[in-house]
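Numbering-wise, this note's numbering puts 296 at position 290 of the sequence shown, and it's gapless, one number per residue. Written below as structure tokens is the structure these notes are about.
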Amino acid sequence: MNMQELIKSIRNRAERDHAPDDYVSVWSEYEPFRGRRERAAVIILRTTGCFWFRHSGCSMCGYYTDTDPGPVNEENLMNQINMALKKIKDESIIKIYNSGSFFDPNEIPENVQENILSLFSDRKRVIVETRPEFITYERMKRFKKFSNLMVAVGLESSSDEVLKNSINKGFSRSEFERAAGILKDLSIPLKTYVLLKPPFLTEREAIEDVIRTIEFASEYSEIISVNPVDVQSYTMVEYLWNHGYYRPPWLWSLLEVLKRTSKFKKVVSFPTAGSKVRGIHNCGSCDEKILGIIEEFSYTQDENVLSNIPDCKCRTVWENIIKNEGRIYSTFGEEKNILDLDFELGLFSR
Ligand code: SF4
Ligand SMILES: [Zn+2]
């Protein structure tokens with residue numbers, strides 16, 4: 007079984023509801039906006055889901071369970087939006103996600119995309135997420151009239167090796183560059199998501215990979231959001247975690263990333279499942295304080311916030327991991343990296 011077959015076979019164990027008129031969820035939160043905290047409403051629409059699920063999917067993505075086996079038609083989608091509108095107040099930022107790509111016409115027909123964006127044209131900002139394949143010059147030219155539109159893209163990593171062998175992202179760095187270039191030409195702001203610690207990277211490799219990715223994405227992005235991997239159900243990451251092959255990143259690693267990229271004044275992080283065993287965590291006793299610092303920095307971009315970190319004995323454990331993790335693999339030969347080893351141990355075949 008290769009990695010893509012494994013991802014698919016794990017995911018296909020998940021059950022999905024057919025509820026085409028029901029959105030997945032709506033909630034209110036804060037979003038950084040030009041150095042301030044603004045109220046934001048988040049709407050998760052139920053669509054037939056990311057086209058990449060049909061092929062295989064990303065190794066850490068559990069959003070499949072929020073999708074509908076279909077069909078979900080235009081009327082269903084507008085019913086979902088109208089129901090969601092009843093829960094939304096005067097939030098100045100609206101985030102619309104659909105466990106896939108907003109601009110994929112097979113998930114959300116183009117006239118519905120336009121209708122949805124029109125409904126929120128009075129807000130300061132509307133953020134929608136899409137894979138880069140759906141960003142074309144023609145399409146985005148049509149959406150330029152929505153001056154409050156921000157497009158979010160999950161680049162995850164600027165390394166083609168990591169995109170292919172750790173994430174199974176299904177696109178390369180050059181595809182992101184193409185799409186980001188179009189948005190830049192049209193002055194449509196881009197929010198880029200990057201992933202901290204995809205599987206098969208050591209803690210140190212993960213830190214360096216994210217920093218390189220931020221440096222690469224910075225020229226295109228108004229904001230870069232670091233998503234530390236959390237172990238979601240029915241994913242390959244969960245499979246590895248269950249077998250002792252994966253630990254979510256340390257909060258110390260995220261702090262290191264934020265410190266080393268703070269000069270860009272655009273890097274934020276709002277971890278999912280922070281301090282939980284399935285999410286980014288330290289020893290348990292320092293987690294809440296550090297999460298508070300990360301949140302404060304994400305809103306203010308004030309570097310002083312990051313120079314005032316409380317110490318904890320688990321920092322030495324993390325430092326040892328950063329120094330020594332990966333060395334055990336060298337006994338298997340200089341050329342082997344952790345990914346080769348995992349394949350060698352028979353966990354996967356390529
Ligand atoms: S592109 Fe996004 S929604 Fe699709 S499988 Fe990957 S992470 Fe999930
Ligand atoms: Zn600690």
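Note that beta-carbon positions come from the ideal geometry of N, C-alpha and C, so glycine has one too. Remember, predicted model here, so these are calculated numbers, not experimental data.
Does residue i pass the burial test, meaning 16 or more other C-beta atoms within 10 Å, or should it be called exposed?
i: H24; result: exposed
i: P75; result: exposed
i: Y69; result: buried
i: K101; result: buried
i: L83; result: buried
i: E80; result: exposed
i: G366; result: No statement about residue 366 is possible, as the shown extent of the chain runs from 7 to 356 and does not include it.
i: N171; result: buried
i: M9; result: buried
i: A20; result: exposed
i: G160; result: buried
Nearest CA to the CA of residue i: which residue from the options?
i: L261; options: F59, S227, I217, I122; result: I217
i: G63; options: D27, R131, D28, S105; result: S105
i: Q238; options: E214, D191, L192, I286; result: I286
i: A223; options: K319, F303, A279, S164; result: S164
i: E301; options: D28, R42, S34; result: R42
i: S313; options: A279, W258, T278; result: W258
Under a three-way DSSP split, which group does residue i fall into?
i: G41; result: coil
i: K92; result: coil
i: P234; result: strand
i: E135; result: strand
i: G332; result: coil
i: G280; result: coil
i: W33; result: strand
i: V273; result: strand
So residue i packs on residue j, CB below 8 Å; how close in whole Å?
i: Y240; j: L246; result: Not confirmed; about 13 Å, so no contact.
i: S231; j: K197; result: 6 Å
i: Q119; j: F126; result: At roughly 12 Å, the Cβ-Cβ gap does not stay under 8 Å, so Q119 and F126 are not in contact.
i: I220; j: T267; result: 5 Å
i: S34; j: R45; result: 6 Å
If you drop the 5 nearest sequence neighbours on each side, which residues of the same chain put their C-beta closer than 6 Å to that of residue i?
i: I229; result: K197, K272
i: M66; result: V235, T241, V243
Might you give, ordered along the chain, the residues of its own chain that have their beta carbon closer than 7 Å to the beta carbon of residue i, omitting 5 neighbours on each side?
i: S178; result: D166, L169
i: I194; result: M146, K150, L155, V157
i: I13; result: S62, G63, S65, N174, M242
Among the residues of its own chain, which have a CB less than 8 Å from the CB of residue i, if the five just before and after it don't count?
i: I315; result: L261, I296, I299
i: Y29; result: I49, I50, L51, R52, Q86, I87, M89, A90
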